[in-house]
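Protein sequences appear in the order of chains A and B. If you use this note's numbering, the first sequence corresponds to residues 7 to 122, in order. If you use this note's numbering, the second sequence corresponds to residues 8 to 120, in order. Glycine included, C-beta positions come from ideal geometry on N, C-alpha and C. Source: prediction; values computed, not measured.
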Amino acid sequence: GAVVSQHPSRVICKSGTSVKIECRSLDFQATTMFWYRQFPKQSLMLMATSNEGSKATYEQGVEKDKFLINHASLTLSTLTVTSAHPEDSSFYICSAVKGVLLNEQFFGPGTRLTVL
Amino acid sequence: DAKTTQPNSMESNEEEPVHLPCNHSTISGTDYIHWYRQLPSQGPEYVIHGLTSNVNNRMASLAIAEDRKSSTLILHRATLRDAAVYYCILRSDYGGSQGNLIFGKGTKLSVKP
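Laid out in structure tokens, this is it:
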């Protein structure tokens with residue numbers, strides 16, 4: 007199998023601060039990673055596509071200056087929520103694509119962000 | 008990406024088979040049918056995927072209709088650990104989607120002991 011980790015698993019921060027979430031593929035290299043957000047009792051919403059060595063592609067309605075994505079290596083992508091507000095409280099999930107076929111996609115365990 | 012339609016919820020008894028349906032009447036020839044499941048407070052977990060032929064793996068079986076407009080995920084013997092939200096997702100290998108998965112509301116499966 008393939009393992010994707012996220013750190014931290016949960017974080018509580020004050021309004022106005024920035025929070026960085028890491029997504030790592032532990033036993034494979036991932037040229038493409040995805041970031042999702044999930045509000046309570048709702049489905050996952052794709053936020054952005056992260057490609058190693060290039061700028062992320064954001065979905066419509068997602069502010070790229072607020073959700074900074076960096077994919078600096080083949081095993082690590084980071085999502086930074088800048089100037090977080092209570093409405094940014096959510097479950098953030100990343101996924102990593104193994105191989106070039108794009109059919110094998112593995113998800114991280116998620117990060118629960120609570121902004122006070 | 009083409010849309011899928013799934014029942015909001017289903018119930019099953021433990022150790023009985025479960026058939027989770029998915030309708031995708033607008034599926035295109037390049038769309039793969041993917042199934043993922045999500046346990047509470049966890050990230051989604053890959054279950055199975057297929058294109059035209061039925062597929063089997065250690066977790067489940069995927070039965071695809073001949074016209075590909077519907078499919079069924081089959082859990083042969085449900086356990087309490089199978090209680091989750093099951094997502095049926097279509098994804099094309101072509102075009103601008105580049106592999107991203109678009110999640111619908113899925114089917115919440117409850118398993119009774």
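| query | result |
| --- | --- |
| Chain-ordered neighbours of N128 of chain B on chain A, where CB pairs are closer than 7 Å | Given a span of 8 to 120 for chain B in the structure shown, any question on residue 128 of chain B remains unanswerable. |
| CB of Q12 of chain A within 8 Å of CB of C29 of chain A, strictly | yes |
| Chain A within 8 Å of P51 of chain B, Cβ atoms only | yes |
| Coarse secondary structure for L108 of chain B, derived from DSSP in three states | coil |
| Cβ-based burial, S24 of chain A [other Cβ within 10 Å; buried from 16] | exposed |
| Whole-angstrom distance between L116 of chain B and T86 of chain B, CA atom to CA atom | 11 Å |
| Cross-chain neighbours of I99 of chain A in chain B, by beta carbon under 8 Å | G50 and P51 |
| Own chain partners of M66 of chain B with C-beta closer than 7 Å, once the 5 adjacent residues on each side are dropped | V54 and I55 |
| Cβ contact (3+ pairs, closer than 8 Å) linking the region 53-60 of chain A and the region 29-39 of chain A | yes |
| Nearest candidate by alpha-carbon position, reference F73 of chain A, set A:T81, A:D33, A:T63 and A:L82 | A:T63 |
| is_contact[S49 of chain A, chain B] using C-beta, thresh 8 Å | yes |
| Inter-residue spacing [alpha-carbon to alpha-carbon] between G36 of chain B and P47 of chain B | 33 Å |
| Pair within 8 Å by beta-carbon distance, Y6 of chain B and E52 of chain B | The first residue shown for chain B is 8 and the last is 120, placing residue 6 of chain B beyond what the model contains. |
| Span of the beta strand (DSSP E) around D38 of chain B | D38 to Q45 |
| Sequence ranges, beta strand (DSSP E) only - wholly within the region 43-72 of chain A, length at least 3 | 51-57 |
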